[in-house]
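Student: Sharing a structure with you now.
Chains as they are written, first to last, in the numbering used here: chain A, 46 to 647; chain B, 46 to 647.
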């Protein structure tokens, strides 16, 4: 990560950089240049070498695009980043516009206004989504615009650009993946047949990793490999830098996977016929290079990947136990040492990660860990840094949202841990969150429900108190892949580019993570993973239920007995009984006694 | 209502009738004739004179269309009617096809297959929806079909057709309606201006009644007037049979409403420009007669009508009390007399209706009353008839779903009343339904929720027991209008032609009516009306809550104390306290004592 303070101190440097780029635009006769915050694969988390908007503006937010004309520059982002963007763009001469605010022009309106008739719009088509471009193209048809879409001009001035990620691919054995590549390919080809297409282009990295049973380390905490795949009826082509696949070469040969250079796909697609593309996510350069009828539909892999097979579920369940043993040890350590040692948020997070590192099939830490004391926990995306962190005092609560990447799965768990004197109201909040969590965990529902229709089961106790956690209740999760994986999600409305209206199916894994966040005071979240299971099928339909996968004490020190209802109390006791049974075999005598106390019946 | 037994006894007569019609088709060179089960206004309930499909087939179901070719005849309907249709169509030579079943061709497929190139499709365009026709037209474009859409040929052979309804229109004073016609027109015209249209055609009868503050009695228990309205910027045209408006003529003159004959609209529309039509509901004859650019969007009246004004709400609240006094008297009568008198389902229903008839501003009974003993109550749409009813025995439960049409509103309430020995399991079911009902009644939710996203709050206790009530949890309700009124509805999915995804707004009225229905054994439902109110507005958004409008004892004899949770018990006690306070002033001493007992704290 770059340190944005550099830029704010050196707004002038940024100003000069933008001017240099604007001179380049004049030289190349580009009227408007568009820079999205994206890579060629529509990835959630960008490798540093793809952070072009960040380089050109100094704004480091995870979301927001940029437009540069020959004499102006604008960055757009949403409410989360208004304050940060203002700071980071100060003195740079770059304007900041609010997204989704009628007071400001949209990106598309701004591009339209600033393009003259017969003008030229420049962009790197590889990082611009095809669907967005098609819509813009229609909007601007009357202006007869020329599109310079093969122009990554920022590259020409970006001298110290981070290197293209060159991690080594590794194999995920079928004993972990649960299904062979052949078996998955068979299903994909069946779907291709149904749609009468001869090729399916895959551009999203987790879909490729899932299909080929391979992984890499090209993105931070997201074990994927920068590549494209074309599935044909009798062969598979993997487009990837050759140096990266040395360790899996024999596997690819054995499986008849043809390997071509990462960039070759852009030429190859020119001759393709009858192609199935995932139109919501493919980049525009690929689509602009094609001259064939396109079947535009989300890839069938999205749903195949979301519905975990029994081996993936079994592995994940075992993995969660080992992961939870680490977290439980951490809880014990924290509660026992916070009074006598100096524990910072950073040290606490490191202590837990070190415990995870000892686990057998550990690959790396999960993305977006949050370790936050008291009021810091009220900021949902708080990140302690060397420059900015808190020390845990003798009284208070500590929220830790973390997980690991293992050969046997991806974990994501949050616990809020108390010590010393904790305010009665904070305990009431903790208990409300527990009630929310338990209500969702116990839900039985008819097949046909989506995350949108069940969300309120978790939200109701919090809404009853006229509070809201203002984020989803839960998200899907990958298997040694993204810690956020679609399409399913639990939220009462459809968020932008999300699919919370996806019907929930047996085998999907979702998180259950309601919370209460009181600005400037404290934040509480209790998060487990759950897998959807089939229950009774009767005249009313197929019932489904959640099987909780995560077993780690929910801090009894933070329960407010006055507001805990009977049903939740019984659920908690039953849950803690399971926690003890599952974790104690992995613990020493002292740990077992601690666990017995913290999983006692209340 | 016709008695369908006539037809089943006389399948041969029906056969001859169809043959006579087929001869007519040959004579007129019509290859295929389509008969939907509809009137010109897309009404929920058809007047007998519009029951063309019933006349031509003998099938009396409330849903299902018919297609007649020169040598075949087919009726389609859904699962509710498979058994009934089979009986009623026996011996008629008419085939029965299941709707939404891939084993059978759809109506559109059947029409396509049976139409030769350059063939002719006949139908009465006034009763065929425009949207359906447009889609069929596209589907058949390649066949170069001629559409004889002004051909109500069934009329030519229907000698004893019931007369066109000629009820007298009456005025709904602004003290009831809460807003004047002018005020409503102003809002409608504002919406027309926004859309740049010069005319808005209204074809749905409740929209017309609402806008003009008039009512009629042209449909059973639905106080509407068969008419069309065209709203222009400076005048309003009401198309209606002149004899029907004698009582409101001076009102219409005063309000500058131009009156034309009911049928005149079909000629008038030929010259219209820039028209706004409610494309989902308008009939095809109107649209086919127009030669202008159409603005196709649901009428703005749908939402204006759904959001009740404060006077409508105030009137309804008062109306509900008088209505509930009647129902409470009925409960007392039933519980006291069922052991000694012969009470049939029909007598019970009549007793209650007679009590309602005594209420000041009573207009008529509400539509679709259900009075059902024990296992009959398990049939959600059970209707006791002179030919088929049950006598209430000394033990059991009686479900009554009823309401009235009043100048001060439309009521819809269900109570399940017990007497004698009632099985423990039935009481458990009653208590589960009560918990469901109370959970929804107590919900606080953020603005933005739809009926789809909140439904599960009511359904959860019933799903937990692996049961389901297989219908909506609640529906909107009119003001002296339809007992089912859109667009809002509470159900976890969007039903066909329904809009449960409508955002719930302050002032909307919905019913709260979960139930348990055990086939062959018993049925339980507890239904109140609720109005949506604004709660706290804070950093999280605008909270909304439900204010219960219906105050009538929920039978304490049917509560199972072992399964009643504390929260529901407290809700019930608070509710019953209000019931006593609101109803007792209208009751005599003996009734008050009874009410005190049946609203006691438990």
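We put the CB at the ideal spot given by N, CA and C, even for glycine.
Kindly provide the ranges of any beta strand (DSSP E) runs that are 3 or more residues long and lie completely inside the stretch 127-200 of chain B, ordered along the chain.
Tutor: Those beta strand (DSSP E) runs which fall completely within the stretch 127-200 of chain B and span 3+ residues are 140-143, 165-168 and 191-193.
Student: Quick check: is the beta carbon of residue 479 of chain B nearer than 8 Å to any beta carbon in chain A?
Tutor: Closer than 8 Å: no.
Student: Given a cut-off of 8 Å, decide if residue 373 of chain A and residue 516 of chain A are closer than it, judged by their beta-carbon atoms.
Tutor: Result no, Cβ atoms of residue 516 of chain A and residue 373 of chain A do not sit closer than 8 Å.
Student: Determine the contact status of residue 208 of chain A and residue 345 of chain A, defining contact as a CB-CB distance below 8 Å.
Tutor: Not a contact, by the Cβ cut-off of 8 Å.
Student: Residue 590 of chain B by DSSP, collapsed to three states: which one?
Tutor: In this structure, residue 590 of chain B counts as strand in the three-state DSSP scheme.
Student: Residue 676 of chain B CB to nearest chain A CB: under 8 Å?
Tutor: The question about residue 676 of chain B has no answer, for chain B in this structure spans 46 to 647.
Student: Please classify residue 237 of chain B: is it buried, with 16 or more other beta-carbons within 10 angstroms of its beta-carbon, or exposed?
Tutor: Residue 237 of chain B comes out buried.
Student: Give the straight-line distance between the Cα atoms of residue 506 of chain A and residue 535 of chain A, rounded to the nearest whole angstrom.
Tutor: In a straight line, the C-alpha of residue 506 of chain A is about 16 Å away from that of residue 535 of chain A.
Student: What are the start and end residues of the alpha helix (DSSP H) that includes residue 339 of chain B?
Tutor: Careful: residue 339 of chain B lies outside any alpha helix (DSSP H), inside the beta strand (DSSP E) at 339-341.
Student: What residues from chain B crowd round residue 616 of chain A, counting only those whose CB sits closer than 7 Å?
Tutor: Simply none; closest approach about 12 Å.
Student: Tell me which same chain residues have a C-beta within less than 6 Å of the C-beta of residue 229 of chain A, skipping the five on either side of it?
Tutor: 256, listed in sequence order.
Student: In this structure, how does DSSP classify residue 381 of chain B when only helix, strand and coil are distinguished?
Tutor: Note: residue 381 of chain B maps to helix in three-state DSSP.
Student: Given a cut-off of 8 Å, decide if residue 157 of chain A and residue 184 of chain A are closer than it, judged by their beta-carbon atoms.
Tutor: Closer than 8 Å, so yes.
Student: Out of curiosity, what's the CA-to-CA distance linking residue 270 of chain A and residue 197 of chain A?
Tutor: Answer to the nearest angstrom: the Cα atoms are 22 Å apart.
Student: Return no unless some Cβ of chain B is closer than 8 Å to the Cβ of residue 538 of chain A.
Tutor: Interface residue, yes.
Student: Quick one: complete beta strand (DSSP E) runs, 3+ long, within the stretch 304-361 of chain B?
Tutor: Those beta strand (DSSP E) runs which fall completely within the stretch 304-361 of chain B and span 3+ residues are 320-322 and 339-341.
Student: I need the boundaries of the beta strand (DSSP E) containing residue 447 of chain A, first residue and last residue.
Tutor: Its beta strand (DSSP E) spans residues 441-447.
Student: Per DSSP, residue 111 of chain A forms a beta bridge with which residues?
Tutor: Residue 111 of chain A pairs with A/80 and A/120.
Student: Could you tell me the alpha carbon to alpha carbon distance between residue 303 of chain A and residue 282 of chain A, rounded to whole angstroms?
Tutor: Distance between the alpha carbons of residue 303 of chain A and residue 282 of chain A: 5 Å.
Student: Residues in its own chain within less than 6 Å of residue 631 of chain B by CB, not counting five upstream and five downstream?
Tutor: Same-chain partners within the cutoff: 370.
Student: Excluding the five sequence neighbours on either side, which residues of its own chain have a C-beta within less than 8 Å of the C-beta of residue 522 of chain A, listed in chain order?
Tutor: Taken in chain order, the residues that qualify are 455, 457, 528, 529, 530, 554, 555, 556 and 574.
Student: How many angstroms separate the CA atom of residue 308 of chain A from the CA atom of residue 316 of chain A?
Tutor: Whole-angstrom Cα-Cα distance: 15 Å.
Student: In the structure shown, what three-state DSSP assignment does residue 425 of chain A receive?
Tutor: DSSP places residue 425 of chain A in coil when its eight states are reduced to three.
Student: Look at the alpha carbon of residue 227 of chain A and the alpha carbon of residue 254 of chain A, and state the distance between them as a whole number of angstroms.
Tutor: Cα to Cα, residue 227 of chain A sits roughly 14 Å from residue 254 of chain A.
Student: So who's on the other strand from residue 407 of chain A, going by DSSP bridges?
Tutor: DSSP output for residue 407 of chain A lists A/451 as bridge partner(s).
Student: Would residue 541 of chain A be called buried (16 or more neighbouring beta carbons within 10 Å of its own) or exposed?
Tutor: With fewer than 16 other Cβ atoms within 10 Å, it is exposed.
Student: Report the neighbours of residue 588 of chain A on chain B: residues whose CB is nearer than 8 Å to its CB, in chain order.
Tutor: The answer, in chain order, is 508 and 511.
Student: Name the residue from A/405, A/384, A/409 and A/385 whose alpha carbon lies nearest to the alpha carbon of residue 395 of chain A.
Tutor: Looking at the Cα atoms, A/409 is the closest of the given residues.
Student: At which residue ranges does the stretch 476-550 of chain B contain complete beta strand (DSSP E) runs of 3 or more residues, listed in the order of the chain?
Tutor: Listed in chain order, they are 489-491.
Student: Rounded to a whole number of angstroms, what is the C-alpha to C-alpha distance between residue 101 of chain B and residue 122 of chain B?
Tutor: Taking the straight line from one Cα to the other gives about 15 Å.
Student: Quick check on DSSP: helix, strand or coil for residue 459 of chain B?
Tutor: Of the three classes helix, strand and coil, the one that applies to residue 459 of chain B here is strand, per DSSP.
Student: Comparing alpha-carbon positions, which option in B/292, B/293, B/330 and B/274 lies nearest residue 306 of chain B?
Tutor: The shortest Cα separation from residue 306 of chain B among B/292, B/293, B/330 and B/274 belongs to B/274.
Student: With 16 as the cutoff for other CB atoms within 10 Å, does residue 578 of chain B come out buried or exposed?
Tutor: Classification of residue 578 of chain B: exposed, given that the 10 Å Cβ count is below 16.
Student: Based on the DSSP secondary-structure assignment, which residues constitute the bridge partners of residue 579 of chain B?
Tutor: Answer by DSSP bridge pairing, in chain order: B/589.
Student: I need the DSSP call for residue 242 of chain A, collapsed to helix, strand or coil.
Tutor: Residue 242 of chain A falls in the coil class under three-state DSSP.
Student: Hey, is residue 81 of chain B close to the ligand PLP, as in C-beta under 7 Å from one of its heavy atoms?
Tutor: The model on display carries no ligand, and the ligand PLP is accordingly not part of it.
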